[in-house]
Structure formats: structure tokens, C-alpha cells
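Student: The following block contains the structure, expressed as C-alpha cells.
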């Protein structure tokens, strides 16, 4: 998935009126550009909706010698958790045990909170008070919000608006805490809302957000469209529609959806998505301008943290670590617990050469939020440092990624992209290729193209990998990892000049893009000279 998929943003109040003219992200933007075919000649969307996976191209057929490999069995998953427990005895016992505890609690506590409000008799419905409106979810105190909603719904179980808001709160809680066990609770709460009022646009928008969080982007698009049929100005549905189209690789349609959303509900959620669509086209200048505009309009702490982190990510992608650290510091000043800012700040510290601070910061992140991205980065930082015990620490962190993906799948989250990315470098290479092929069959994005290219490469299939590596860089998206992967694959296929050009481009763009990848890119570039 894209880097924005796990971002957490404030909820919005419903709206049914158009905004004032001249307030959108496009007020001073440059003319639109079309995404065209890459140099490999493979097409990208050009204003036409491609067929769904059931009817269209599902990508290349799996290779027979890998498709027959069975998925990991439960014993393997148990073994992964046991490795995590063993790591608690070897490395910062309190921190890593905390990671394991978070996973264990998530595995066993899924129904507790929802059970408190499951049945409430037939009392006449009273709407949730203003204090329980969706804006409360932007305060950052989700535990308090959820508790208040549960209490309200025990008294008023037929409040469909309250159920929808509770469902959205569970979605946000799952994303902010890395706890996929909240998704079934969110699904049930949103179902209760729609059972009471089948046409309620906020509940349909909540189902879109839930589907996107589970990486079911076709489902997210369906629910977002349903919500917009009932309320064309629903900000969450407008935003989820952009997300779904981006994550399905339908970039031209995503650009049009961003224009529509900007004309209907200009504001922080739409501005950040508009900026990301432009970034995917390589239009960093417009992305920067729109995010600056979003930050200038942000007043709530959640908005400031969200937009500042997006600015930090954009700066980091361009190798501007000083600016990235400044943006992340602003985000953390607004919300010191905001996970993307904590993770991004540590990444920027690592890229700027402050490895000790980066390790400390990332250790704090994974101790509270054991998500795949931070786990892999911390593991690579240990490998790069190479002190006594560091290789074992790294292996334990990679095992924890396996435990997280098992938990995610148990809660109906498609974790194939996470699996492909982590396993290609730090796990079962055959599993990485299976996962990458499965994800490519569902959606054709720059991120899934890159993941499939790299999984093919680590399995020794560079000729097959090269078209996907080229496709990953075809839109103009400035991503050093994609350039590095392409350069390594080109080197393996004998395209020495192209390899040198793309490895150089990766290191010039973002010389600290990965603790291990950047080092390997330099080594490969020296060998190609």
C-alpha cells in the first residue's frame, strides 16, 4: 500500500451544502497533466475505468514451482510469537515484551468493548449529543470518545448516528494503535447503524473507511459511491473515494475525484489527498503548495499533526532531512503521540546520520505500536550498527512482523503487500513472491509493481522483474527505493548504463532512503563504475 494508507486523520462533520467559491486546492494550481505509459510501454489509466479484477487482467500467472508452496501453518505463527517472547529476554525486555503484549491483547480482547453495548432493548432513540459528534474523534482521545459512545448507546441503542460514530472510532483506534482486532468491532457497529437506517451516508462512509483500512479497495470504492449518492458533500466519502482509486492504481480517475472533492469540500482531508495525487505524478511543487495551504488552514491539533507529518514525508522523500525534522517536530508539538510523526522523525534522524537518536526513537515507536514498517526499519538500523547482539535483535523484530501479519489476516486485513515487502529482504522469499503476485492480481499500482519486481529479483527472476520495475517508476513519482530496486534489477540483467543512472538518481534524491538499501546501492554503484 501507499505511504499514506496508515495515516490517521481527524473525522469530519457531515455537510450537505457546497463550499464558498475559491477556497480549494486548485485555486492557483498549474494545468492538469495526464499520466501516460512508462518507457516500458505498459499503459496506465487514461481517463477510462479499467475492468474489475474478475473481468480484467489479473497479472501474470503464478509460477508453478512457487504457487504450490503452502501458506504458513498455525504452528509457524505460534513459533513466531515464541521468538518474540525469547527476544524479550535478550533485548530491552520491557520494550519488546510490551510489543508482544500488544499483539496478545489484540488477539484475545476483540469482543470486550463491543459486548458492553451489544444489546440495549427497545428504548426510543435519542440522537447522540454534540459532544459525541464525529469531530470528537479528532481530539486524539479515542479511549474517552469510545467510552462516552458506549455509555450513550447503552441508553439509546437505536441511535444510528451514534453507532456510525462508534464504528469510525474503532477504525481510527485500530489504525493508531496497530490493533486490527478493532476492525470486527467497527464492522459490527457500522452494521448496527445501517440496520437502523440503511441509507445513512455517514455509516456508508464509515464502511468505506473500514474497507480501505483492511485494504479492500474495491469495497471501499463501492461504499464511498453509495454514501455520495445519498450526500454528495460527505467529506469522508469523498476522501475515501480518492484513496480507493489511488490504491487501485486508477490514477487519472483519482485525480478527477480529487478535483471533485476539492470543489465540494475543500479542507484538510481533501487537500492532503489532492497533494498526494500530484506527488504520484512527480509534481512535488504543487504537492508542497497544497500541503502548505492545508497547514495554514489547520487549527485543531489533530489537523496540524496530520498535515505536518505529510509535509515531513514529502520533504524526506526529496532528501531534505532538515525540513523533514522541522515538520515532524511541529507535528509532535501538536500531538506527541502521533505515530506517523514519531516514525517519520526517527527515519529522518537516521537519514541525517544521527543513528543513536534514530534507534532510540524507533524503539519507542515499536514498543507502543509494533507495526511492520517501524519494525523493519529498526531491524535494519540494528543490522547497520552491527554491535554485539544486534543481528539477533533484528531477527526478532522481523519475526514480530510475521506475528502482526498473522493477526491482521485473522481480522480480515489483506496483508499481502506488507508480507511481500518485509519477506523479500528479511524472510521467506518464496512467500514474498506469492504475496506480491496475489497483490498484483488485485491492483496495479506503482507500489505493487515495485513489490512484485523486487520479489521476483530476490527469487532470481530479474528478466521477469524488469518490466515491473520500469512500471513502478513510470508515473514520475520520486521514490528512491523504486529507483534503487530498478537499478539493481537493471544491473542484474546487463543494462549497466541504466543501472548506473538509476542507482545514482536514488542516492541523489534521498541518500538515506533505507539503512541497508542505501549502503547496498552505493556498493552496487561502485561495482558498476
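In the UniProt record's numbering, the protein residues as written are 1 to 529.
The beta-carbon is built from N, C-alpha and C at its ideal position, and this holds for glycine as well.
Quick caveat, the model's predicted, so the values are computed rather than measured.
Looking at the structure shown, is residue 526 part of a helix, part of a strand, or coil, going by DSSP?
Tutor: Numbered from its first residue, the chain shown carries residue 526 at position 526. Three-state result, residue 526: helix.
Student: Please return the same chain residues whose Cβ sits closer than 8 Å to the Cβ of residue 287, not counting the five positions on each side in sequence.
Tutor: Taking the first residue of the chain shown as 1, we reach residue 287 at position 287. Once the five neighbours on either side are set aside, the close Cβ partners of residue 287 are 275, 276, 278, 279 and 314.
Student: Are the Cβ atoms of residue 475 and residue 513 separated by less than 8 Å?
Tutor: For the purposes of this step, residue 475 is identified with residue 475 of the chain shown, where counting begins at 1. For the purposes of this step, residue 513 is identified with residue 513 of the chain shown, where counting begins at 1. Cβ atoms of residue 475 and residue 513: not closer than 8 Å.
Student: Measuring alpha carbon to alpha carbon, tell me which of 441, 400, 24 and 150 ends up nearest residue 422.
Tutor: Taking the first residue of the chain shown as 1, we reach residue 422 at position 422. It is 400 whose Cα lies nearest to the Cα of residue 422.
Student: Pick helix, strand or coil for residue 232, following the three-state DSSP scheme.
Tutor: Here residue 232 corresponds to residue number 232 of the chain shown, with the count starting at 1. Three-state DSSP puts residue 232 in coil, outside helix and strand.
Student: Identify which residue in 151, 258 and 146 has its Cα closest to the Cα of residue 185.
Tutor: Walking along the chain shown from the start, residue 185 turns up at place 185. Out of 151, 258 and 146, 146 has the C-alpha closest to the C-alpha of residue 185.
Student: For the ligand GDP, I want to know if residue 339 counts as a neighbour, meaning its beta carbon is within less than 7 Å of at least one of the ligand's heavy atoms.
Tutor: Ligands displayed in this structure: none; no statement on the ligand GDP is therefore possible.
Student: Please report the distance separating the alpha-carbon of residue 339 from that of residue 353.
Tutor: By 1-based counting over the chain shown, the position of residue 339 is 339. By 1-based counting over the chain shown, the position of residue 353 is 353. So the two alpha carbons sit approximately 21 Å from each other.
Student: From residue 515 to residue 351, what does the alpha carbon distance come to, in whole angstroms?
Tutor: If you number the chain shown from 1, residue 515 lands on position 515. If you number the chain shown from 1, residue 351 lands on position 351. Approximately 8 Å between the Cα atoms of the pair.
Student: Go ahead and pull the three-state DSSP assignment for residue 328.
Tutor: As a first step, residue 328 is located in the chain shown; it is residue number 328 there, counting from the start. Residue 328: helix per DSSP, three-state reduction.
Student: Kindly indicate which three-state DSSP category residue 128 falls into: helix, strand or coil?
Tutor: Sequence index remark: in the chain shown, residue 128 carries index 128 (1-based). Caution applies to residue 128, whose pLDDT of 36 falls short of 50 and renders its modelled position unreliable; the model cannot decide the point.
Student: Report the rounded CA-to-CA distance for residue 308 versus residue 333, giving the unit in angstroms.
Tutor: Taking the chain shown and counting its residues from 1, the one referred to as residue 308 is at position 308. Taking the chain shown and counting its residues from 1, the one referred to as residue 333 is at position 333. Between residue 308 and residue 333, the C-alpha separation is close to 10 Å.
Student: Checking 8 Å against the spacing of the C-beta atoms, do residue 241 and residue 257 come in under that value?
Tutor: Reading the chain shown from its first residue, position 241 is the one you call residue 241. Reading the chain shown from its first residue, position 257 is the one you call residue 257. For residue 241 and residue 257, yes; Cβs fall inside 8 Å.
Student: Quick one: using the 10 Å Cβ neighbour count with 16 as the cut-off for buried, is residue 361 buried or exposed?
Tutor: One-based indexing of the chain shown puts residue 361 at position 361. Buried: at least 16 other Cβ atoms inside 10 Å.
Student: Label residue 177 either buried or exposed according to how many other C-beta atoms from any shown protein chain fall within 10 Å of its C-beta, with 16 as the threshold for buried.
Tutor: As a first step, residue 177 must be located in the chain shown, where it is residue number 177. Under this definition residue 177 is a buried residue.
Student: Per DSSP, what kind of secondary structure is residue 150 in: helix, strand or coil?
Tutor: In the chain shown, the residue the question calls residue 150 occupies position 150. Looking at residue 150 - three-state DSSP - the assignment turns out to be helix.
Student: Keeping to the same chain, check which residues put their C-beta closer than 7 Å to that of residue 455; ignore five residues upstream and five downstream.
Tutor: Here residue 455 refers to the residue found at position 455 of the chain shown. Counting only Cβ-Cβ distances below 7 Å, and skipping sequence neighbours, we find 420, 424, 432, 433 and 436.
Student: Going by beta carbon distance, what residues of the same chain come within less than 6 Å of residue 311, once the five residues before and after it are set aside?
Tutor: As a working mapping, residue 311 is identified with position 311 in the chain shown. Around residue 311: 291 and 327.
Student: Taking 8 Å as the threshold (C-beta atoms), are residue 370 and residue 404 in contact?
Tutor: Locating residue 404 in the chain shown gives position 404, counting from the first residue. Locating residue 370 in the chain shown gives position 370, counting from the first residue. Yes, Cβ-Cβ distance for residue 404 and residue 370 is below 8 Å.
Student: As a quick exercise: from 158, 220 and 183, pick the residue whose alpha carbon is nearest that of residue 193.
Tutor: On the chain shown, position 193 is the one that residue 193 refers to. Minimum Cα distance to residue 193 is reached at 158.
Student: Short check: CB of residue 254 to CB of residue 246, under 8 Å?
Tutor: In the chain shown, counting from the first residue as 1, residue 254 sits at position 254. In the chain shown, counting from the first residue as 1, residue 246 sits at position 246. Contact flag set, yes.
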